[in-house]
Structures are given as C-alpha cells and as structure tokens.
Amino acid sequence: MALLQISEPGQSPDPHQRRIAVGIDLGTTHSLVASVRNGVAECLPDTAGRVILPSVVRYTGEGSGRQIGFDALAGQAADPANTISSVKRLMGRVRSDVHDVDNLPYKVLDTPGMASIDTCLGPKTPLEVSAELLATLRFRAEDSFDDDLFGAVITVPAYFDDAQRQATKDAAQLAGINVLRLINEPTAAAIAYGLDQASEGVFAVYDLGGGTFDISILRLSEGVFEVLATGGDSALGGDDYDRALAHLALQKAFADKAPVPESLSGEDKANLYAAARRCKEALSADGTHEATVSCPLDVGDCQATITRSAFAVATDHLTQRTLQAVRRALRDAGLEKSDIEGVVMVGGSTRMPVVRDAVANLFGQDPLTNLNPDEVVALGAAIQANQLAGNNTGDALLLLDVIPLSLGIETMGGLVERIVPRNSTIPTARAQDFTTFKDGQTALALHVVQGERDLVTDCRSLARFELRGIPPMAAGVARIRVSFTVDADGMLQVDAVETNSGVQAHIDVKPSYGLSDDQIADMLRDSYATAEADIKARAVVEARVDAERMILATQSALNADGDLLSDADRATIDTHMAAVEAAKTSDDAAHIEAVTKALATVTEPFAAARMNRGITQALAGKNLNAV
Amino acid sequence: MSAPQSLSLQASDFELFDLPEQFQLDATALTQRWKALQAQTHPDKYVAADAASKRLAMQWSVRVNEAYQRLRQPITRGAYLAALLGHPVNAEDNTAMPAAFLMQQMEWREALDEAQGDVNGLNQLADDTNAAKKTYLQLAELAFDTDKDISRAVGAIRALMFIERFLKDVNQQLDALTP
Chain A
67 MALLQISEPG QSPDPHQRRI AVGIDLGTTH SLVASVRNGV AECLPDTAGR
117 VILPSVVRYT GEGSGRQIGF DALAGQAADP ANTISSVKRL MGRVRSDVHD
167 VDNLPYKVLD TPGMASIDTC LGPKTPLEVS AELLATLRFR AEDSFDDDLF
217 GAVITVPAYF DDAQRQATKD AAQLAGINVL RLINEPTAAA IAYGLDQASE
267 GVFAVYDLGG GTFDISILRL SEGVFEVLAT GGDSALGGDD YDRALAHLAL
317 QKAFADKAPV PESLSGEDKA NLYAAARRCK EALSADGTHE ATVSCPLDVG
367 DCQATITRSA FAVATDHLTQ RTLQAVRRAL RDAGLEKSDI EGVVMVGGST
417 RMPVVRDAVA NLFGQDPLTN LNPDEVVALG AAIQANQLAG NNTGDALLLL
467 DVIPLSLGIE TMGGLVERIV PRNSTIPTAR AQDFTTFKDG QTALALHVVQ
517 GERDLVTDCR SLARFELRGI PPMAAGVARI RVSFTVDADG MLQVDAVETN
567 SGVQAHIDVK PSYGLSDDQI ADMLRDSYAT AEADIKARAV VEARVDAERM
617 ILATQSALNA DGDLLSDADR ATIDTHMAAV EAAKTSDDAA HIEAVTKALA
667 TVTEPFAAAR MNRGITQALA GKNLNAV
Chain B
1183 MSAPQSLSLQ ASDFELFDLP EQFQLDATAL TQRWKALQAQ THPDKYVAAD
1233 AASKRLAMQW SVRVNEAYQR LRQPITRGAY LAALLGHPVN AEDNTAMPAA
1283 FLMQQMEWRE ALDEAQGDVN GLNQLADDTN AAKKTYLQLA ELAFDTDKDI
1333 SRAVGAIRAL MFIERFLKDV NQQLDALTP
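Same order as they appear, the protein sequences are chains A and B.
Each residue of the first sequence is one higher than the one before, starting from 67 at the first, in our numbering.
Each residue of the second sequence is one higher than the one before, starting from 1183 at the first, in our numbering.
Given below as structure tokens:
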C-alpha cells in the first residue's frame, strides 16, 4: 500500500489542501463574511475594499434583475417598494407575526407558511432574498481564495426559534452553501472576544442588532465556551429605535397635526426612517447632545431637533425590554450581577450611549467595547468554521450551547406539556410518555410547540403530526413515548412510538412552511446563485464531493485507529475504499452514492470501536488529572 | 494507564462519569468530566467525519448531556439514584405526604397569597423556602449515604419536589414585580 499521509484530517500538511471555511453573519441591516487566514480571523472585503454588505436586495427587472448591497441601498429611496431591507425580520414568519408590518416600505404578502414580498419580479420569499445576500458573500469568499467554498458557519440570533433557524438553513442551501453549523450570534462574539483577550470567567454578551436582541451568559475556561443561559427578543433592535425616533420627530415637527407613520407613502416612510437613523447615529457620536431629523414629506417638511435626553425618554421602553431579558437570563443561570466578570457589547446598536449607559448601570461596570461590534460575530463564526472544517491545528475550542426556548407538546385543554426546557445544553434528547383518553382510540394527534407560556395559543406552533395504527386498547392503557431530539444546530426532530405495539411515527420538524425537496430544487433552478448549473450535473458533483469526504474521513480514521481492526476487517474496508475511489470518476450519481453508502455501512462497527476508545481515553485522562 | 472498562450507552450516569453511586457529589469533578467527555463526543468534532461516526457522536453527546443534567440537580439526581437502588419515586402516582409537611405547605401557600405584590414579603418567603430546601437536602444525603435508608431518602426527595414547585411560584411572582 502506498505511504499514507500521517496527519489528522484537519492538519493538512499541504496548504493547498486547506479547506476554505468561512463565518457568515447574516444580519438585519448588514452582513459580513470572515475567514481565518494565517491564523488570524479577518473580514473579507468586496472589490471596493468594504467589508460590510448592506442586507438590502432591490429587484429591478433590468439586467441581472437585482441589485445587492450598497447598490440596492442607493436605490432604496427612489424605489422603496422593490427594495427589500431587514428581510431577517420575515424569516420563518407569517405576515401576522411580523411586528409593525404595515410600516415596512415594501408590501408584505400574507402567503401561507411564510410571508413573502410583492416585487416587480413577482412575490419573493424571505428565503430567496436572504439567499441573494448569502450567495453574494459566498462569491466574495470564493473570489478571495480563488477556490470553492468547503462550508460556512452561519450565525443566527440566539433567540431564533426552530422555524427561523430552518429558514436560515434553507436560504443557505438555496445559495449553494454547505452549512457546517448554525451558531448563535452572542456565542460567536464570545469566541472572538474570549480568544482575543484570553479571558476566563463568566461573561455576559449583550447583542443588540438592527432587528434582534440577544443576551447570553457564558462561562469561559480553558478553551471551553459553555453557554449558561440565553434570552432575548427576536423582534427588537436598532430599527425600533429608528421608528421611535421618527415618531418623536413627526410629533415635534407637526405638533398635534402629526401624521402617523402608517399614513405616509412607502417612499416617505423609507426617507423618514433613513433620516431618523442618521439622527440616531449623530446622537451616538461623542460629545453630541442634539441632532436634527430633516426630511421632506408629502405632507410638508419634517424638521425637528432632538436632544439625547429626549431620545433616551422616547426609547426607554425598548431599552427596558432588553434589561428585563438580561435579568431573566441571569436568573436562569443562577447568577447574580456581581458574578459577571465582564459585559461584551455586540451589534451596531450598542453604539448608542443610551444603551451603553443602561447596561453599565445595570451591571455596575463599564461594558467592554474594544472589538468592533459590527465585525465580532463574523470573526467568531470564522474561527469556529475553521475549527469545524478541521483546519485548526492548535488548541481545540469546544462550544457547549443551549436551546433558547422550551419545546413542548399540546395536551388536553390547550395546555403545553414542556418536554425540553429552555437553556438545556445541546445536543439533547428528552422523552415523555402520553396515553390515550378514549377506549379503542387508534390515532393520536401531536402538536409540537415552542415557547415559555402555558397556553398553546401563546406559543409558536412548530409542527403537527399523527401517530396512527395504535391497536385498540382501553383508555389510558396505551403508552406513547414522544421523544424530542435537538441537534447541535438547535434543530428539532420528534419521534413517537406506542411502546406496547411498536407503532412508530417520525418527523423532522420542518416548520409549517415546510419546503419540500422538490420546491427547493425548483427554487434552485430559478435562483441566481445557480442559474447556469444544471441540477443533474449538480447531483453528480455532490455525490463526488460526498465520496471524496467519505474516503478522507475513513482514511484518517484508519490512520488514527487502524490497530483496532482485524486483518480481515481491514481488508474489507480497503476493498470498499478502492471501489469508491474507482466510482468517483463515473458520471452516474446513483452509482457513486451506492458505493459510498456501502463503505459507510462496512465502517460502522469501526466507528463504534473508535468512539469507545475516545471515551475511555477521556475518562482515563480525567483520572490522571484528578489524582 | 488503568483504562476503565469499555462503556456503553446503557451505562448508568454514575458509571459514565466515573463517580461513586451516592447522593453527595463532587460538583467540580462532574463538570470537569462533562467537558472531557463532550470534547470527545460533541458533533462539532465530527463535522468532516463519516455518517456512522456522526450518528454515534450525536448519540453519545446526547447521552452525556442527559447524565450531566440529571446528576447536576440534586432532586433529579436523588430520584435517579433511588430508582437505581430499586426505590422509584413515582412522583405522579404517589402524592401522599406526612401531615406535618402538608401543613407546612399550606402555611406557605397562605403566606404566598398574603404576600401578593409585596417584594419584601416574597423575598422573605423565598428565603424561608430555600432554608427548608437546604434542610431536606441534608436529610436526603444522610438517608442515602450514611444510613442507607432509601425509603426515607425517597421521602426527602419527594418533599424537595414539592418545595421546588413552590419556589418556582414564589420566583414567578417576584419576576412579575421586578421591572
């Protein structure tokens, strides 16, 4: 046999074999992509040297049909109806869920499953809009490295629920991105911050973005980032401060004749909010105590001078909402304010002095602002992506995150039976037994919900499914075990089994909009990201990539733990590897998949033996340390 | 290296963490071993691995978290230990409690009604309840570890379950009052 490379899969001896892995911060107002180069995480700039991509897509119907980022932003005032900003607020949401939906400058449609946006190119789903942004960042990364992307870590607000996470993953798939992991934004920030400052102890990450608020309490020790509790509000951010400020300016400018923003035209709304944002940013500059909102409207010019203190009063209810979530997270972590070593500020909106002062006041210490709050999330995601792709040869970091919201099931009377409590470390699995309540009942409807309230109507509905074919029994005799499994991305899977008869049902909790694979394929075919790619060719490419991955993974497993195998088992695996190697050049996707699967099957006992060795070593290592 | 015997997913929580099968627990050792085990089993370590390894990692990581959660909280640890020792707590089916304990509960419930909207009163009640919790935790430890009287230990665990539920109600009211 040829001499094998003697390194672990990640420790690529050859720089050309380094896998291109990036971190993507898909934000409400702007997005970034970062990567680790020469051991340092950095944000990747566009051709004009700008690292920020405004999260704005404008559909024009001319040329490529869309503008993305700064170009789209420039066209927003003139064409608000076709310029989609803050699309993150719509991800995984139906129209009625979207806060202040009538105040958006574009028209949101009440489409089933998920809201969509009415544009000159027809209705666009938030997934498609997000995919445009993600694809732009993907191309930026691929151009930077002149190589294909191996995968990306994409950040989501910690407080995103299952539907919002699924929507984000689907958008990445549309953009042709292999998602290595979804990680929570404050956790990503903690990674960047913790590694940068070599900090140890308990930290709070206060993350106020354009449209979302998160608070996470983490313990940092020896490369382990353990999230103790998380909380927040996935519909609260800097946009809300802009709106409150716009209201205030209208009131000041027009006194009691003030038009309510709802009554303004789309163009006026977009202009007014932009003017309010400029005023807010001016008020955030050091030493500035007042600034003006200046904006022409159909009803006359809106001219108002706003002081810092007037702004603080007008937005106090928003700031207080964030502090309430902070207090609850502290309680969930079982900690006092004085236990917090430091408070890390993340998100552009934490530049507002009103926010900084309120946080400093609550914790009795000045928050840490030494890392750029716009970039820190993308940088942390890049570090984790580099690690997951196996490029990191240095000290391993370990991320132990939690689910933000409790998961449960509807029981009699519209009440929620909580199965996985919030702030459980993921991955996790919990089971609960239910029974039938009628004699001879042969089916059980299950309704999966997420949230903290006791009534089903106050929680988010994630999925409904049925367990059918239960043999008729007296009421209360059947034992139906419902198992919830939450993976490392925070995504839920539910299984139900009647334990006497073995009747089973299983569901991957796709939120109600539940894109089928066919729909995804259709959208892929239509999408800009893969316009030229033929779906069939894509399948072959994907099968080859999977085959290649399987060979690499098996090879590195053999290198590390080949001694666990008998000669005969080793020979079997070698034969199957050779078969995959041979099939790789074929154009038959099904054939490549079949031999890859066969290799996976014969290596299963080997994988089990390796896992056992690892665990045994973990405990043995611990014993040595403990003595 | 005296390697511990090979573990299966069916090993008990105590075996998995190589901790003595008792109520009293070395919390630092528990957390250390949790992290050591997660460093081996967490799915993040298997992103580029084959499907079988990924699946195994998921199963083990879930199992390790389950055991950690259960051992970490004294009440769930006690209930688990009692079941291991052949005395399931059966909290749902068996709600009978000594009369004195029930009286105490009723007094607390009344005090909670009276303290509606009164932060100081609620805080006092929370302090009292926490003190009672501490007492019952000591009783449980004595019964489990010193006297090996498991049915008495089960009594203490069930009392702790009641107390915990009451504490939750007190804290909920306190939450509603803290702006």
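Backbone N, C-alpha and C fix where the C-beta goes; we use that ideal spot for every residue, glycine too.
| Asked | Found |
| --- | --- |
| Taking CB distances under 8 Å as the criterion, tell me whether Ser490 of chain A reaches chain B. | yes |
| Please say whether Arg545 of chain A and Asp499 of chain A have beta carbons closer to each other than 8 Å? | yes |
| Apart from the five residues just before and just after Ser1194 of chain B, which ones in its own chain have a Cβ nearer than 7 Å to its Cβ? | Leu1266 |
| Please classify Ala1322 of chain B: is it buried, with 16 or more other beta-carbons within 10 angstroms of its beta-carbon, or exposed? | buried |
| Determine, using beta carbons only, whether Leu29 of chain A and Ala312 of chain A come nearer to each other than 8 Å. | Any property of residue 29 of chain A remains undetermined from this structure, which presents chain A solely from 67 to 693. |
| So the alpha helix (DSSP H) His1269 of chain B belongs to, where does it begin and stop? | No alpha helix (DSSP H) contains His1269 of chain B, which DSSP labels as neither H nor E. |
| Suppose you measure from the CA of Asn489 of chain A to the CA of Ala1264 of chain B; what does that come to, to the nearest Å? | 26 Å |
| What does the Cβ neighbour count give for Met478 of chain A, buried or exposed, with the cut at 16 atoms within 10 Å? | exposed |
| Output, in sequence order along the chain, the residues in the region 1246-1269 of chain B whose CB is closer than 8 Å to any CB in chain A. | Asn1247, Glu1248, Tyr1250, Gln1251 |
| Using the beta-carbon of each residue, which ones in chain B are nearer than 8 Å to Ala674 of chain A? | Ala1234, Leu1238 |
| Nearest to Ile372 of chain A by alpha carbon, out of A:His355, A:Ser632, A:Gly480, A:Lys504? | A:His355 |
| Between which two residues does the alpha helix (DSSP H) holding Lys318 of chain A run? | 304-320 |
| Within 8 Å of any Cβ in chain B, is that where the Cβ of Pro192 of chain A sits? | no |
| Between Pro487 of chain A and Leu363 of chain A, what straight-line distance do the alpha-carbon atoms span, to the nearest angstrom? | 49 Å |
| Return the residue from the list A:Ser329, A:Ala666, A:Leu533 that minimises the CA-CA distance to Ile617 of chain A. | A:Ala666 |
| Does the distance from the C-beta atom of Ala218 of chain A to that of Ala451 of chain A stay below 8 Å? | yes |
| How about the region 401-420 of chain A and the region 206-220 of chain A: do they share at least three Cβ pairs that are nearer than 8 Å? | no |
| Which bits of chain A does Val1244 of chain B rub up against, with CB to CB less than 8 Å? | Pro493, Thr494, Ala495, Thr551 |
| Give me the chain B residues within the contact set of Gly680 of chain A, using Cβ-Cβ distance strictly less than 8 Å, ordered along the chain. | Gln1222, Thr1223 |
| So if I threshold CB-CB distances at 9 Å, which residues from the region 434-462 of chain A count as touching chain B? | Gln450, Gln453, Leu454, Ala455, Gly456, Ala462 |
| Is Cys525 of chain A helix, strand or coil when you go by DSSP? | coil |
| Could you pull out every residue in the same chain whose Cβ sits closer than 6 Å to the Cβ of Gln230 of chain A, ignoring the five residues on either side in sequence? | Met157, Gly158 |
| Kindly indicate if chain B contains any beta-carbon less than 8 Å away from that of Thr620 of chain A. | yes |
| Round the Cβ separation of His1224 of chain B and Ala1239 of chain B to the nearest angstrom and send it over; I've been treating them as touching at under 8 Å. | 7 Å |
| Who are His657 of chain A's beta bridge partners in DSSP? | Beta-bridge pairing links His657 of chain A to no other residue. |
| Which bits of chain A does Leu1189 of chain B rub up against, with CB to CB less than 9 Å? | Asn678, Ile681, Thr682, Leu685 |
| Going along chain B in order, which residues have a C-beta closer than 8 Å to the C-beta of Ala666 of chain A? | Asp1232, Ala1233, Ala1234 |
| Check each candidate in A:Asp91, A:Asp627, A:Asp653 and name the one with the smallest Cα separation from Ala605 of chain A. | A:Asp653 |
| Kindly indicate if chain B contains any beta-carbon less than 8 Å away from that of Ile86 of chain A. | no |
| Within the same chain, show all residues whose beta-carbon is closer than 6 Å to that of Cys109 of chain A, passing over the 5 residues directly before and after it, in chain order. | Leu98, Ala100, Val117, Glu441, Ala444 |
| Using the DSSP secondary-structure output, state which residues sit across from Cys109 of chain A in a beta bridge. | A:Ala100 |
| Measure the C-alpha to C-alpha separation of Ala1308 of chain B and Gln133 of chain A and round it to an integer number of angstroms. | 58 Å |
| Could you give the DSSP three-state label for Ile492 of chain A: helix, strand or coil? | coil |
| In chain B, which residues lie with their C-beta within 9 Å of the C-beta of Leu284 of chain A? | Ordered by position in chain B, no residue passes the 9 Å Cβ test against Leu284 of chain A, which lies about 14 Å from the chain. |
| Helix, strand or coil: which one does DSSP assign to Ala1341 of chain B? | helix |
| Return the CA-CA distance between Ala619 of chain A and Arg1215 of chain B, expressed in angstroms with no decimal places. | 27 Å |
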